[in-house]
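To keep things clear, I will list the structure first and then write my remarks on it.
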Amino acid sequence: MTTQQGGGSLTRTPHPSSLYDVLDLILDKGLVIDLYVRVSLVGIELLTIDARIVIASVDTYLRFAEAVNRLDLAETGGKDLPEFIEDLGEGGGRGKTKGALEGAKDSIKDVFDGGDDDKEKAAASRRSRSSRSKDDDA
Amino acid sequence: MSGGSSSGAAGTATYVYGVLRASEEPTIDAMGVGGEARVRSVTDGGLTAIVSDVDEGFVEAGRDDLSRHMVILEQAALSATVVPLRFGTVMPDDDAVTAELLRGRAAELQELLTALDGRVELSLSGTYDEQIFGEVVAEQPEVAALRERVRGGDENATYYDRIRLGELVAQAMAAKRQRDTDQVLEKLRPLADDVHLGDVAHERSVLSAAFLVHRDRLPEFDRAADEVAAQNRARIRFRYAGPLPPYDFVGGGKEGPWG
Numbered sequence: 000m001t002t003q004q005g006g007g008s009l010t011r012t013p014h015p016s017s018l019y020d021v022l023d024l025i026l027d028k029g030l031v032i033d034l035y036v037r038v039s040l041v042g043i044e045l046l047t048i049d050a051r052i053v054i055a056s057v058d059t060y061l062r063f064a065e066a067v068n069r070l071d072l073a074e075t076g077g078k079d080l081p082e083f084i085e086d087l088g089e090g091g092g093r094g095k096t097k098g099a100l101e102g103a104k105d106s107i108k109d110v111f112d113g114g115d116d117d118k119e120k121a122a123a124s125r126r127s128r129s130s131r132s133k134d135d136d137a
Numbered sequence: 000m001s002g003g004s005s006s007g008a009a010g011t012a013t014y015v016y017g018v019l020r021a022s023e024e025p026t027i028d029a030m031g032v033g034g035e036a037r038v039r040s041v042t043d044g045g046l047t048a049i050v051s052d053v054d055e056g057f058v059e060a061g062r063d064d065l066s067r068h069m070v071i072l073e074q075a076a077l078s079a080t081v082v083p084l085r086f087g088t089v090m091p092d093d094d095a096v097t098a099e100l101l102r103g104r105a106a107e108l109q110e111l112l113t114a115l116d117g118r119v120e121l122s123l124s125g126t127y128d129e130q131i132f133g134e135v136v137a138e139q140p141e142v143a144a145l146r147e148r149v150r151g152g153d154e155n156a157t158y159y160d161r162i163r164l165g166e167l168v169a170q171a172m173a174a175k176r177q178r179d180t181d182q183v184l185e186k187l188r189p190l191a192d193d194v195h196l197g198d199v200a201h202e203r204s205v206l207s208a209a210f211l212v213h214r215d216r217l218p219e220f221d222r223a224a225d226e227v228a229a230q231n232r233a234r235i236r237f238r239y240a241g242p243l244p245p246y247d248f249v250g251g252g253k254e255g256p257w258g
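So the protein sequences, as listed, match chains A and B.
Quick note, the first sequence lines up with residues 0 to 137 if you use numbering that gives the first Met the number 0.
Quick note, the second sequence lines up with residues 0 to 258 if you use numbering that gives the first Met the number 0.
Below, the structure is given as structure tokens:
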């Protein structure tokens, strides 16, 4: 994972650490051999439709407005904006999310929960929404 | 990884990860996509395809499979020049891999391998810290004024002002994004043979960039990327990964010639 401590050191990781970045890296990339791309990733539509935010929308404007309104300029700002990328980047353990992004974030996690290669991340993601049951937040 | 068994047995198909020069064939000790067979290779005419057996009916992949696909190609890219194939490429059997890929597209593959020779992909993405909104308020008097007007006001009464405020913030963010992306590229583009900018994925995303870089320049690129991160330490969080197979530079994009 990238860290920027001390002298601003940037760590190069072998591959992206967040699930979002992994998907962004791999999906729709690579040489296509006609007729032979036949395996699809379960839930890929959820990711591409829900997680790609329309920047120029009224919803986004209202969220931006909320963000600057809540900003306490004397201190560093609040933590009310959606942070789904950071959540994924930090193993899902850090976050609070609000509003429209919640669905997208949970969709992504639902797709990936239960992976046996990264139990810690999956567990962290379950912890992050422990106050709600898994099925009532779609 | 070994040349090993020829698939084609009933119920089995061949998942293909990527192609490289037979002379550079790496050792990959891993389970393939689907989790039921080890990674092996199919070689013909100086080209090697990295493959594994999958069940013939295998059509839906999950997170583990995505991870396997990525890590297998990543291991190959550690030492070899690799042409990665699109995730989910399954051919009927090894004979099809030989006939339709290694022979059928030999010229194209050789051309790509020559163009990519010794090069890997480095991925750099950045996200603004929350305090970026403080920057916007400080820099834009109109934003500051509107903010004062709507703060604490009635939600309905300030609806249009809030939309206007958010729109101004969005515009300011777009300008910042452009400026900061330019600054990053100015530093890093000279060290890369090619750059591909991905879509902005998040309201606070700065950029998502893939750089095609020769292995020999990795240390230099690392230093430059580190400088960029240091310069923006308080405001942008960078994520940096590689060396990766050149996913973004084999023409596989939606708009690419093969798309």
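All C-beta atoms, glycine included, are put in the ideal place defined by N, C-alpha and C.
Run through DSSP, which three-state label would A/Leu26 get?
What you label residue 26 of chain A is simply residue 27 of the first sequence in a count that begins at 1. Coil.
If B/Asp32 sits next to B/His68, beta carbons under 8 angstroms apart, how far is it from one beta carbon to the other, in whole angstroms?
Counting from 1 along the second sequence, the entry for residue 32 of chain B is found at position 33. Counting from 1 along the second sequence, the entry for residue 68 of chain B is found at position 69. Looking at the sequence provided, one finds Val at residue 32 of chain B rather than Asp. Beta-carbon to beta-carbon, B/Val32 and B/His68 are separated by about 6 angstroms, close enough to satisfy the 8 angstroms threshold.
For the beta strand (DSSP E) holding B/Leu46, just list the boundary residues, first then last.
On the second sequence, position 47 is the one that residue 46 of chain B refers to. Start and end: Leu46 to Asp54.
Run down chain A in chain order and give the residues with a C-beta less than 8 angstroms from the C-beta of B/Pro83.
As a working note, residue 83 of chain B is residue 84 in the second sequence. For B/Pro83, the chain A residues whose Cβ falls inside 8 angstroms of its Cβ are Lys28, Gly29 and Leu30, in order along the chain.
Strictly below 8 angstroms CB to CB, what residues from chain A border B/Asp65?
Taking the second sequence and counting its residues from 1, the one referred to as residue 65 of chain B is at position 66. The question names Asp, but residue 65 of chain B in the sequence shown is Leu. Within chain A, the residues near B/Leu65 are Val21, Leu22, Ile25 and Leu40.
Report yes if the C-beta of B/Arg148 is less than 8 angstroms from at least one heavy atom of the ligand SAM; otherwise report no.
With respect to the ligand SAM, the structure offers nothing, as it holds no ligand at all.
Are the beta-carbon atoms belonging to A/Val41 and B/Thr88 less than 9 angstroms from one another?
Position 42 of the first sequence holds residue 41 of chain A. Position 89 of the second sequence holds residue 88 of chain B. Going by C-beta atoms, A/Val41 is not nearer than 9 angstroms to B/Thr88.
Establish whether the CB of B/Ala228 and some CB of chain C are separated by less than 9 angstroms.
Protein chains in the displayed structure are A and B, and chain C is not among them.
On a CA-only basis, which of B/Ala224, B/Gly17 and B/Asp94 is nearest B/Thr11? Give me that one, please.
Numbered from 1 along the second sequence, position 12 holds the residue referred to as residue 11 of chain B. Checked all of B/Ala224, B/Gly17 and B/Asp94; the closest Cα to B/Thr11 is B/Asp94.
Indicate the three-state DSSP secondary structure (helix, strand or coil) for B/Val183 in the structure shown.
Taking the first residue of the second sequence as 1, we reach residue 183 of chain B at position 184. Residue state, collapsed to three classes: helix.
Distance CB(B/Asp52)-CB(B/Ala75) smaller than 9 angstroms:
By one-based count along the second sequence, residue 52 of chain B stands at place 53. By one-based count along the second sequence, residue 75 of chain B stands at place 76. In this structure, B/Ala75 does not lie closer than 9 angstroms to B/Asp52 by Cβ.
For B/Ser40, write down the residues that DSSP places opposite it in a beta bridge.
For this step, residue 40 of chain B is matched to residue 41 along the second sequence. Answer is B/Ile49, bridged to B/Ser40.
DSSP three-state assignment for B/Tyr239, whether helix, strand or coil
Indexing the second sequence from 1 puts residue 239 of chain B at position 240. Of the three classes helix, strand and coil, the one that applies to B/Tyr239 here is strand, per DSSP.
Does any CB atom of chain A fall closer than 9 angstroms to the CB of B/Asp225?
Reading the second sequence from its first residue, position 226 is the one you call residue 225 of chain B. Output row for B/Asp225: interface = yes.
B/Ile71 vs A/Tyr60 beta-carbon contact at 9 angstroms
The sequence position of residue 71 of chain B within the second sequence is 72, counting from 1. The sequence position of residue 60 of chain A within the first sequence is 61, counting from 1. Not in contact: B/Ile71 and A/Tyr60 (Cβ atoms no closer than 9 angstroms).
Per the DSSP calculation, B/Met30 is bridged to which residue(s)?
The residue you call residue 30 of chain B lines up with position 31 of the second sequence. DSSP, once it has assigned bridges, lists B/Arg37 as partnering B/Met30.
Tell me B/Val266's beta-bridge partners as DSSP assigns them.
The question about residue 266 of chain B has no answer, for chain B in this structure spans 0 to 258.
Check this for me: beta carbons of B/Leu100 and A/Ile32, under 9 angstroms apart or not?
Taking the second sequence and counting its residues from 1, the one referred to as residue 100 of chain B is at position 101. Taking the first sequence and counting its residues from 1, the one referred to as residue 32 of chain A is at position 33. Here B/Leu100 is near A/Ile32, since their CB atoms are less than 9 angstroms apart.
With the cut-off set at 9 angstroms, would you say B/Val135 and B/Pro245 are in Cβ contact?
Position 136 of the second sequence, counting from 1, holds the residue named residue 135 of chain B. Position 246 of the second sequence, counting from 1, holds the residue named residue 245 of chain B. No; because the gap between Cβ atoms is not below 9 angstroms, this pair is not in contact.
Is A/Thr75 close to chain B, meaning its C-beta is less than 9 angstroms from at least one C-beta of that chain?
One-based indexing of the first sequence puts residue 75 of chain A at position 76. For A/Thr75, the predicted structure reports a pLDDT of 43, less than 50, and the residue's modelled location is therefore unreliable. A value from the coordinates is still provided. Closer than 9 angstroms: yes.
Please name the residues in the stretch 157-180 of chain B whose beta-carbon is closer than 7 angstroms to at least one beta-carbon of chain A, in chain order.
Hits within the stretch, in order: Arg161, Ile162, Leu164, Gly165, Glu166, Val168 and Ala169.
Whole angstroms is fine: what's the gap from B/Arg85's alpha carbon to B/Ala171's?
The count along the second sequence starts at 1 and reaches residue 85 of chain B at position 86. The count along the second sequence starts at 1 and reaches residue 171 of chain B at position 172. Those two C-alpha atoms are separated by around 37 angstroms.
Measuring only the C-alpha atoms, how far is B/Ala223 from B/Leu184?
Reading the second sequence from its first residue, position 224 is the one you call residue 223 of chain B. Reading the second sequence from its first residue, position 185 is the one you call residue 184 of chain B. Cα to Cα, the separation comes out at about 11 angstroms.
Can you list, in chain order, the residues of the stretch 236-249 of chain B whose Cβ is nearer than 7 angstroms to any Cβ on chain A?
Residues Arg236, Phe237, Arg238, Tyr239, Ala240, Gly241, Leu243, Tyr246, Asp247 and Val249.
Looking only at its own chain, which residues have a Cβ that is under 6 angstroms from the Cβ of B/Tyr16, when we skip the five neighbours before and after it?
Looking up residue 16 of chain B in the second sequence gives position 17. Apart from sequence neighbours up to five positions away, the residues of its chain that approach B/Tyr16 with a beta-carbon distance below 6 angstroms are Ile49, Ile71 and Leu72, ordered along the chain.
Using 8 angstroms for Cβ pairs, my map puts B/Pro83 next to A/Leu18. What's the rounded Cβ distance?
Start at 1 with the first residue of the second sequence, and residue 83 of chain B comes out as number 84. Start at 1 with the first residue of the first sequence, and residue 18 of chain A comes out as number 19. Going by Cβ atoms, the distance from B/Pro83 to A/Leu18 rounds to 19 angstroms, so no, they are not a contact pair.
Verify whether the separation of the beta carbon atoms of B/Thr113 and B/Ser204 is less than 9 angstroms.
By one-based count along the second sequence, residue 113 of chain B stands at place 114. By one-based count along the second sequence, residue 204 of chain B stands at place 205. Cβ distance not < 9 angstroms, so B/Thr113 and B/Ser204 don't count as in contact.
List the residues that DSSP assigns as beta-bridge partners of B/Pro83.
Your numbering for residue 83 of chain B matches position 84 in the second sequence. For B/Pro83, DSSP records a beta bridge to B/Gly17.
Below 9 angstroms on C-beta distance, what does B/Phe57 contact in chain A?
Within the second sequence, residue 57 of chain B is the residue found at index 58, counting from 1. The contacting residues are Arg37 and Val38.
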